[in-house]
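Chemist:
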Ligand SMILES: Cc1cc2nc3c(=O)[nH]c(=O)nc-3n(C[C@H](O)[C@H](O)[C@H](O)COP(=O)(O)OP(=O)(O)OC[C@H]3O[C@@H](n4cnc5c(N)ncnc54)[C@H](O)[C@@H]3O)c2cc1C
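Given below as structure tokens:
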């Protein structure tokens, strides 16, 4: 009678409110009597504040309060280690909290009747600076004698990993070919539509309440409570609609400062809500970025294509504070050898403090960097061996039986082989009689002579010159194809006990009329709340329409964990399923309403030992991609004409959402690969607006983008689903660079492939 | 964004008086796509903004008695690009206007604002340089005409004097046998400011600008009687070429050496040489969008493509519609 609720492209339950404008994003929220807060950012990359005079600002028209470091009870913040002051200033309980370490450090908060008054008063704050030496290049920051940026870290190395598997010398000794490369990957800005914003107030129960866009309500609550030195129960975090996140909202932006403002005002008898909205320029300097990395790497393979050895050295620019650098780097450490079994491996990776904008979480979380190096190496090896790139990958790819560089197998259901074959087949690869893979010959690699570019050869004589002209441009176009694959963990890892909470409440008499799901997971635009409603409906055997969602409020539900690491469908999906099944059992026991909660605990993982051996993750997702590019040899312009992304998602609970994630990730990854060109000078951000930091427009995306859904079930995922939202990001830059190489015979080891970079590469063949 | 007074003047004299009285804290407004962004960014903090769009003629495109095309300063990019007279005779300008930003922005952005803003990257400017446009301003001393190449005086600087504002852009008549091509490079396909742009124009015969910006009535050549096959090289010898470069100097620039060289020799080798001369005429800088070296290289590429395209168009067009009714 009941159609299954999973595996169907059910409409998003947040769509009507978002389409009609009813949905409120943090910047849209207004409350009676609301005050406005503006933030004084450092604007200097490294300096000590020796004097701070806020008297004039405090006396300015409309100003209600000015807050500084002296007002922060525990002046520290950090998801991994608490190395960042909430506010930087000379009077603070925290050592080193008088030093700004990047331009986006926050110095003071002005709360006023209007936003204009608050912003005007910012200019009246007098800061006395003592500039300190800049530490900008990670390689230099690691050198002995470099200026130390944090009291706790003498060598500026924020975190490091080491993997030793097998015997590297033996591995290279067995190799018939060795390829070596140095790869540099750029910083990337999240560029979500909605800049940081929020409203804070004291709720009816006396809790400091912050309505804000984040990725993990309960982690925000903890960070606020820590800085305010309050028990977590006195803090409440609510997420309204969220305008994109991509990792950039994992760390604190306005959460603590808003809570601080509402709380300090209440203590002074001013019980009024406080709102803040960052400008785009503030957003761009104020939140973390994708880590820039330099990866030195050397790989060996036998003539038959078997990989024998890989040696990798990774240096990541961690920027001013740790944020999640340790975890990002862990992921790079695992992915920098690609989704392959390699018997002999040595990896040394470190993240280094500098005075740049902090490296932070960003979709793919260290994976895109690792894969760029790994998959570029594979493309080089394929060429050196005279072997098809698909064939080479299939010979080495991880399977259920093979071991990761950490000496452990991947937890079952490895869909890499299927995914690579799916992408290759969709792109026109074929297998010959001997079973060898052959690249597409006709459709994809059409050579210039065959390209008429829409000009009819039989046109009349008068158009001859016009045609010749068009062909003279067309003749500057070279086309090429590229292939790359990837894998990445799902969920939190390296020994963290992954967990996720959900509660389900069933109402009705003879049948379930309404099921309410309480889940804190953040719907950052990926459709999380829709998919959780599908999961509940499926577990309960009721129509999707009968599920009501109560979401993202720490006062009303337990911790579902973060909207990151491609984990929510997997983790919260299992939690909702568990809670629904338990509630259903009580319902059958005649409980009315029938309520149950469930905390899903993921399979255990371990920290890596001294040699990097251990079981870092409990689940993975897989991807393989092929693309065709057209390169204008005169101008260096690269256009991606067609892009295929095959993704093993285990089970597509909502295929339309899966397709949306693939398309979105590919477009964002192509921006990373081709266009997004983060520039700084002396620690100042030159690209602090969207007219200088460009992201792809609708005309820049491939004319054809074909998602291919592969479903190899995960043994522990809900209905076999695995996480997937980051995976289409992983190999994209490598696939594009391989295609550009195929077209031009110039290998780019650094991107974005802006037209100027490509033009230089074409004109200076050495580099 | 800093608040300001928004004023709609009733007539030219009032507009000029308001601008004169206000100095730097008073700014004229057309589409606002440059002005308001600069206000929002805090680069300028005007107290009064004078909206000139409602003044008579500002939004009109008309043919003057002398056969010139007069484009009101407040005509939008889409309006200009879609106008039949522009498309028939000054198609180069249509190409340039159509290349600006997105369709939505072109409904707002005006040609006059583009020039007054005086960005070296203003996309309509190279076309207007090639067409030898004459800018008409109104001010305390009445109407003044300024040749386009004197109008642009530096980055964000124009030749207007206190109290003066642009009212229209006058395009001299063009011979029926003429063609142009506008090419630009940006970092995105829509919406980015040009890294570099090149407009190329060729017309049969020659004409000279007289002092004061008045052009002699041009010699008309009837293209309709010719076929593409006969004597293309003979025609090419009699072509007058103009090449203008955007975003590669403090103002848009003409490339006179390249133009002269093409008039002598429009063979493939001649075109390559002219493209090189155009690149040498550029005075590019390094900035966030591109290096000077890349810009210079791209001037040569776009100039070559533009010249080839113009040659193809002239060779291919048996019946270019005559300029005058
Ligand atoms: C997203 C975006 C993309 C863009 N892309 C492009 C592009 O591709 N190519 C390009 O060339 N430009 C581009 N621009 C810039 C801008 O849109 C154009 O320069 C536009 O033509 C300006 O016209 P406007 O009517 O909006 O000018 P306004 O902003 O109204 O005015 C521009 C300047 O001229 C002054 N002014 C206005 N009218 C007069 C007058 N009558 N007399 C004297 N001074 C006057 C104003 O005070 C102001 O300083 C872009 C802008 C944006 C926001």
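Protein chains in written order, with this note's numbering: chain A, 1 to 767; chain B, 1001 to 1325.
Note that the Cβ used here is the ideal one computed from N, Cα and C, for glycine as well.
All values derive from a computational prediction rather than experimental measurement.
(1) Within 8 Å of any Cβ in chain A, is that where the Cβ of residue 1291/B sits?
(2) Return the CA-CA distance between residue 33/A and residue 114/A, expressed in angstroms with no decimal places.
(3) Using 10 angstroms around the beta-carbon of residue 496/A, count the other beta-carbons present and answer buried if the total reaches 16, otherwise exposed.
(4) For the stretch 328 to 390 of chain A, which segments carrying the beta strand (DSSP E) assignment without a break, of at least 3 residues, lie completely within its bounds, in sequence order?
(5) Name, please, each residue of chain B whose Cβ falls closer than 7 Å to the Cβ of residue 138/A.
(6) Quick check on the burial criterion: 16 or more other C-beta atoms within 10 angstroms. Buried or exposed for residue 564/A?
(7) Since residue 696/A meets chain B, which of its residues come closer than 8 Å, beta carbon to beta carbon?
(8) Quick one: residues in its chain with C-beta nearer than 6 Å to the C-beta of residue 16/A, no 5 flanking neighbours on either side, listed in chain order?
(9) Can you have a look at residue 36/A and say buried or exposed, based on whether 16 or more other CB atoms are within 10 angstroms of its CB?
(10) On the criterion of 16 or more Cβ atoms from any shown chain inside 10 Å, does residue 1002/B qualify as buried, or is it exposed?
(11) Tell me the DSSP secondary structure of residue 1306/B in three-state form.
(12) For chain A, is any of its Cβ atoms less than 8 Å away from the one on residue 1058/B?
(13) By the three-class DSSP mapping on this structure, what secondary structure does residue 1189/B have?
(14) Name the residues in the stretch 697 to 718 of chain A whose C-beta lies less than 9 Å from a C-beta of chain B; which are they?
(15) Which residues in chain A sit within 8 Å of residue 1105/B, going by Cβ to Cβ distance?
(16) Rounded to a whole number of angstroms, what is the C-alpha to C-alpha distance between residue 67/A and residue 110/A?
(17) Can you confirm whether the stretch 47 to 56 of chain A touches the stretch 119 to 129 of chain A when touching is taken to mean that 3 or more C-beta pairs between the two stretches lie within less than 8 Å?
(18) Find the nearest neighbour of residue 91/A within the set 105/A, 70/A, 101/A, 77/A, judged by alpha-carbon distance.
(19) Please tell me whether residue 675/A has its Cβ less than 8 Å away from any Cβ of chain B.
(20) Residue 441/A by DSSP, collapsed to three states: which one?
(21) Residue 1034/B: beta carbon under 7 Å from a heavy atom of ligand 2?
(22) Going by C-alpha to C-alpha distance, which of 635/A, 692/A, 702/A, 632/A sits closest to residue 644/A?
(23) Which partner residues does residue 826/A have in the DSSP bridge list?
(24) Counting only C-beta atoms, is residue 1044/B closer than 8 Å to chain A at any point?
(25) Determine the burial state of residue 699/A: buried for a count of at least 16 other Cβ atoms within 10 Å of its Cβ, exposed for fewer.
(26) Verify the contact flag: residue 1112/B, CB atom, against every heavy atom of ligand 1, threshold strictly below 7 Å.
(27) Do we get a CB-CB distance below 8 Å when we pair residue 1192/B with the residues of chain A?
(28) Return yes when at least one heavy atom of ligand 1 lies under 7 Å from the C-beta of residue 1143/B, else no.
(29) Measuring CB to CB, does residue 318/A end up less than 8 Å from residue 353/A?
(30) Which residues does DSSP list as the beta-bridge partners of residue 127/A?
(31) Can you find a CB in chain A that lies within less than 8 Å of the CB of residue 1243/B?
(32) Check residue 211/A in the structure and name its three-state DSSP category.
(33) Just to confirm my understanding: we take residue 62/A, look at its own chain, exclude 5 residues before and 5 after, and list those with CB closer than 7 Å. What are they?
(34) Give the single residue among 312/A, 156/A, 430/A whose Cα lies nearest to the Cα of residue 355/A.
(35) Consider the C-beta atom of residue 1031/B and the heavy atoms of ligand 1; say whether any pair is separated by less than 7 Å.
(36) Counting only C-beta atoms, is residue 587/A closer than 8 Å to chain B at any point?
Modeler: According to the structure shown:
(1) As a first step, residue 1291/B is located in the second chain; it is residue number 291 there, counting from the start. Contacts with chain A at 8 Å (Cβ-Cβ) include residue 1291/B.
(2) Residue 33/A sits at position 33 when you count from the first residue of the first chain. Residue 114/A sits at position 114 when you count from the first residue of the first chain. Going by the C-alpha atoms only, they are around 11 Å apart.
(3) Locating residue 496/A in the first chain gives position 496, counting from the first residue. With fewer than 16 other Cβ atoms within 10 Å, it is exposed.
(4) Whole beta strand (DSSP E) segments, 3+ residues: 344 to 353.
(5) The residue you call residue 138/A lines up with position 138 of the first chain. Correct list: empty, because the minimum Cβ distance to chain B is about 23 Å.
(6) Numbered from its first residue, the first chain carries residue 564/A at position 564. Residue 564/A should be labelled buried.
(7) Taking the first residue of the first chain as 1, we reach residue 696/A at position 696. Under the 8 Å cutoff, chain B gives 1188.
(8) Reading the first chain from its first residue, position 16 is the one you call residue 16/A. Within the same chain, residue 16/A has no close Cβ partners at all.
(9) Along the first chain, read from residue 1 onward, the residue named residue 36/A stands at position 36. Buried is the call here.
(10) Position 2 of the second chain holds residue 1002/B. Answer is exposed; the Cβ neighbour count stays below 16.
(11) For the purposes of this step, residue 1306/B is taken as residue 306 along the second chain, with counting starting at 1. DSSP places residue 1306/B in helix when its eight states are reduced to three.
(12) Reading the second chain from its first residue, position 58 is the one you call residue 1058/B. Closer than 8 Å: no.
(13) As a position in the second chain, residue 1189/B is number 189, starting the count at 1. Note: residue 1189/B maps to coil in three-state DSSP.
(14) 697, 698, 699, 700
(15) Locating residue 1105/B in the second chain gives position 105, counting from the first residue. Residues of chain A passing the Cβ test: none, with the nearest at roughly 12 Å.
(16) Translated into positions along the first chain, residue 67/A becomes position 67. Translated into positions along the first chain, residue 110/A becomes position 110. Each residue's Cα considered, the two are about 7 Å apart.
(17) yes
(18) In the first chain, residue 91/A corresponds to position 91, counting from 1. If you compare the alpha carbons of 105/A, 70/A, 101/A, 77/A with that of residue 91/A, the shortest gap goes to 70/A.
(19) Here residue 675/A refers to the residue found at position 675 when the first chain is read from its first residue. Closer than 8 Å to some Cβ of chain B, the Cβ of residue 675/A qualifies, so yes.
(20) What you label residue 441/A is simply residue 441 of the first chain in a count that begins at 1. Coil.
(21) Summarising the ligand content, the structure contains ligand 1 and does not contain ligand 2.
(22) Here residue 644/A corresponds to residue number 644 of the first chain, with the count starting at 1. Among 635/A, 692/A, 702/A, 632/A, the Cα nearest to that of residue 644/A belongs to 702/A.
(23) This structure cannot speak to residue 826/A, because chain A is shown only from 1 to 767.
(24) Reading the second chain from its first residue, position 44 is the one you call residue 1044/B. So, not an interface residue.
(25) Looking up residue 699/A in the first chain gives position 699. The residue in question, residue 699/A, is exposed, as its Cβ has fewer than 16 Cβ neighbours within 10 Å.
(26) The residue given as residue 1112/B occupies position 112 in the second chain. Residue 1112/B: yes, Cβ under 7 Å from ligand 1.
(27) Looking up residue 1192/B in the second chain gives position 192. Cβ-Cβ to chain A under 8 Å: yes for residue 1192/B.
(28) Working through the second chain from its first residue, we reach residue 1143/B at position 143. Outside the cutoff, so no.
(29) What you label residue 318/A is simply residue 318 of the first chain in a count that begins at 1. What you label residue 353/A is simply residue 353 of the first chain in a count that begins at 1. Taking 8 Å as the Cβ cut-off, residue 318/A and residue 353/A qualify as a contacting pair.
(30) Taking the first chain and counting its residues from 1, the one referred to as residue 127/A is at position 127. Answer by DSSP bridge pairing, in chain order: 52/A.
(31) The residue you call residue 1243/B lines up with position 243 of the second chain. It does not; no Cβ of chain A falls within 8 Å.
(32) Within the first chain, residue 211/A is the residue found at index 211, counting from 1. The answer is strand: DSSP assigns residue 211/A an E or B state.
(33) As a position in the first chain, residue 62/A is number 62, starting the count at 1. 112, 113, 114, 117, listed in sequence order.
(34) Within the first chain, the letter at position 355 stands for residue 355/A. Checking every option, the nearest Cα to that of residue 355/A belongs to 156/A.
(35) Residue numbering aside, residue 1031/B sits at position 31 when the second chain is read from its first letter. Indeed, a heavy atom of ligand 1 lies less than 7 Å from the Cβ.
(36) Numbered from its first residue, the first chain carries residue 587/A at position 587. No - not a single Cβ of chain B is within 8 Å of the one on residue 587/A.
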